[in-house]
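Asker:
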Amino acid sequence: MTATAPILLTPGPLTTSAGTRQAMMVDWGSWDERFNQLTASVCEQLLAILNASDSHDCVPLQGSGTFAVEAAIGTLVPRDGKVLVLINGAYGKRLARICDVLGRDFSTFETAEDEPTAAADVDRLLHADPAITHVALIHCETSTGILNPLPQIADVVKNHGKRLIIDAMSSFGALAIDARKVPFDALIAASGKCLEGVPGMGFVFANKQALAVAQGNCHSLAMDLFDQHSYMAKTGQWRFTPPTHVVAALHEALVQYQEEGGLPARHQRYARNCQALLDGMAELGLRSFLPAAIQAPIIVTFHAPQDPRYQFKDFYERVKAKGFILYPGKLTQVETFRVGCIGHVDAPGMRAAVKAIAEVLQAMHVLDV
Ligand SMILES: *Cc1c(COP(=O)(O)O)cnc(C)c1O
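Count the sequence shown with the working numbering and you get residues 849 to 1217, in order.
#1: Quick one: grab the DSSP three-state call for Arg1186.
#2: With the cut-off set at 8 Å, would you say Leu950 and Ser1039 are in Cβ contact?
#3: Thinking just about the alpha-carbon of each residue, which of Pro1031, Pro908 and Cys1189 is nearest to the one in Phe1150?
#4: Could you tell me the distance, in whole angstroms, from the CA atom of Ala1232 to the CA atom of Pro908?
#5: Assuming contact is defined by CB atoms lying nearer than 8 Å, are Met1071 and Ala919 in contact in what I supplied?
#6: If you run the structure through DSSP and keep just helix, strand and coil, what is Leu1132?
#7: Could you tell me whether the region 1072–1079 touches the region 950–965, using the rule of 3 or more Cβ pairs below 8 Å?
#8: Are Arg1022 and Leu1111 closer than 8 Å when you measure CB to CB?
#9: Beta-carbon separation of His982 and Ile1013 under 8 Å?
#10: Please list, in chain order, all residues of the same chain as Ala979 whose beta carbon is under 7 Å from its beta carbon, the five residues on each side excluded.
#11: Quick one: what's got a C-beta closer than 7 Å to Leu973's C-beta in the same chain, skipping five residues either side?
#12: Could you spell out where the alpha helix (DSSP H) holding Glu1107 opens and where it closes?
#13: Return helix, strand or coil for Met872, following the three-state DSSP convention.
#14: In terms of residues, what are the limits of the alpha helix (DSSP H) holding Asn1007?
#15: Per DSSP, what kind of secondary structure is Arg1157 in: helix, strand or coil?
#16: Taking Thr965 and Ile1001 to be in contact with their CB atoms under 8 Å, please state how far apart those CB atoms are, rounded to whole angstroms.
#17: Is it the case that the CB of Ala1038 approaches a heavy atom of ligand 1 more closely than 7 Å?
#18: Can you check the region 933–961 for any alpha helix (DSSP H) of at least 4 residues that lies completely inside it and give the ranges in chain order?
#19: Are the CB atoms of Gly940 and Gln1143 nearer to each other than 8 Å?
#20: Could you pull out every residue in the same chain whose Cβ sits closer than 6 Å to the Cβ of His1008, ignoring the five residues on either side in sequence?
#21: Report the three-state DSSP secondary structure of Ala1034 (helix, strand or coil).
And the structure:
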C-alpha cells in the first residue's frame, strides 16, 4: 500500500487511499442527477453489506457519527419510550447523555471497561422493568476496543419484544453483522471509519416498519430521519445541502472495498494489522489492556510504560515526527494509549509503526532494548 504521511492510527478520521481523496476533486451540484445516483448507489451498497436491502432503509445524514446516533434515538424512540443503555466505555456513556439531552426516559447498565455486556444481564433487566421499550448498545466500544456480544443481546431483546439500537460506528464494514439474523430497529455507522471514506456523514439503517411510524417523534428539524428519508425517497435529493465531496469519496471508497474483496477481506486485513501490532508491542514489553478473546481488530489499548520519563504528549510528538499518529487513552483508572488498526494501512505499515514506537521509547530512555 502506498504510504501517505502521516499515517493515522486513530479511530477516525483515518488514513484514506489516494484514489478516495482524488474522488473529491469534483464540485457536484446537489441537483445533478449523477450526484443523486451516487447517493442512491452508496445507500444500496451499504444496505447490501448488512443483508438489509429488504428489511431496512438506509438514511444518510450530514455530520459526524454522533449526529446520526442522536438522530436515530430522536427519531425512532417515541417521546414516551424508555431506553436501556448498555455501557462499558465512553461511547456508551454518550448514548445515555443523548437520551438525557433529548428528554427520553432511560436507565443504564454499566460493566467494567474490560467486561463485555452479558446477554443474561440484559434478559434480567428487561424482566425487571417492563417500561423499557428500546435497548441501545455499542458494538465495538472504541474507547478500549472491546467487542460486545451483539447477536446474543439481539436475541434477548427480540424475545422480550423490545427494540434494539446499535452503534456500530467502529465495526460496520469490518465485522460481519447480518440483518437477516440479528434483528434491530436501527444500526448506525459513518463514512470515515472501516469503510475508509472521509468523515462528514453518518448513516442509519432503520427498520422499514419502525421508520414508517416514526413521524413526529423527533425533537429536531435537521435531525429528523423520518423527514430526511421521505424527502430523499420522493426527490432523490438530500433534504438540506449534501456533503457532496464526502459522498463522492465514500462512493469511491466502496468501489475499493469491493475490489479488495468486501467485508471478509477488510476484516482479514484489520485482523492481520491487529496481530502485527500486538506481536510487535509484546516484543517491546508493552501490554495490551484487553484479553485477546474480547479484543476487536479495530483499535488496541496499551498500558502506558511504567516509567517517569514517559509522558504521552512527548511520546505522541516524537512518534508523529516519524510519520504515525497515535491516540490518547480514554480510561479513567489506568494510564493507557491507543493504536488503531483501521484505515488504509496494512501489516507492514503496522510493523513500521511499532518500529517507530520502539525507537522513540529508546530515545526517551523508557525502553532498554
Ligand atoms: C467514532 C465513533 C462514534 C462517532 O463519533 P464522532 O466523533 O461523532 O464521529 C460513535 N460511536 C463509536 C463507537 C465510535 O467509534
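Where is the CB? At the ideal position from N, CA and C, for every residue including glycine.
Answerer: The relevant details are as follows:
#1: For this step, residue 1186 is matched to residue 338 along the sequence shown. DSSP places Arg1186 in strand when its eight states are reduced to three.
#2: Position 102 of the sequence shown holds residue 950. Position 191 of the sequence shown holds residue 1039. Cβ distance not < 8 Å, so Leu950 and Ser1039 don't count as in contact.
#3: Locating residue 1150 in the sequence shown gives position 302, where the first residue counts as 1. Looking at the Cα atoms, Cys1189 is the closest of the given residues.
#4: Because residue 1232 is not part of the residues shown, which for the chain are 849 to 1217, the question remains open.
#5: Here residue 1071 is taken as the residue at index 223 of the sequence shown, counted from 1. Here residue 919 is taken as the residue at index 71 of the sequence shown, counted from 1. Yes, the Cβ-Cβ distance between Met1071 and Ala919 is below 8 Å.
#6: Against the sequence shown, residue 1132 aligns to sequence position 284. The answer is coil: DSSP assigns Leu1132 none of H, G, I, E or B.
#7: no
#8: The sequence position of residue 1022 within the sequence shown is 174, counting from 1. The sequence position of residue 1111 within the sequence shown is 263, counting from 1. The sequence given here has Ala at residue 1022, not Arg. Result yes, Cβ atoms of Ala1022 and Leu1111 sit closer than 8 Å.
#9: If you number the sequence shown from 1, residue 982 lands on position 134. If you number the sequence shown from 1, residue 1013 lands on position 165. Yes, the Cβ-Cβ distance between His982 and Ile1013 is below 8 Å.
#10: Counted from its first residue, the sequence shown places residue 979 at position 131. Excluding residues within five positions, the ones whose Cβ falls inside 7 Å are Lys930.
#11: As a working mapping, residue 973 is identified with position 125 in the sequence shown. For Leu973, where only same-chain residues beyond five positions count, the Cβ hits under 7 Å are Leu932 and Phe957.
#12: Within the sequence shown, numbered from 1, the residue matching residue 1107 stands at position 259. Residues Thr1092 to Glu1108.
#13: Position 24 of the sequence shown, counting from 1, holds the residue named residue 872. Three-state result, Met872: helix.
#14: Here residue 1007 refers to the residue found at position 159 when the sequence shown is read from its first residue. Where Asn1007 is concerned, the enclosing alpha helix (DSSP H) stretches over Leu998 to Asn1007.
#15: Counting from 1 along the sequence shown, the entry for residue 1157 is found at position 309. Reduced to three states, the DSSP call for Arg1157 is coil.
#16: By 1-based counting over the sequence shown, the position of residue 965 is 117. By 1-based counting over the sequence shown, the position of residue 1001 is 153. About 7 Å; that satisfies the 8 Å criterion.
#17: Here residue 1038 is taken as the residue at index 190 of the sequence shown, counted from 1. It does: the Cβ of Ala1038 is within 7 Å (strictly closer) of some heavy atom of ligand 1.
#18: 938–950
#19: As a working note, residue 940 is residue 92 in the sequence shown. As a working note, residue 1143 is residue 295 in the sequence shown. No, the Cβ-Cβ distance between Gly940 and Gln1143 is not below 8 Å.
#20: Your numbering for residue 1008 matches position 160 in the sequence shown. These residues qualify, in order along the chain: Leu974.
#21: Taking the sequence shown and counting its residues from 1, the one referred to as residue 1034 is at position 186. Strand at Ala1034.
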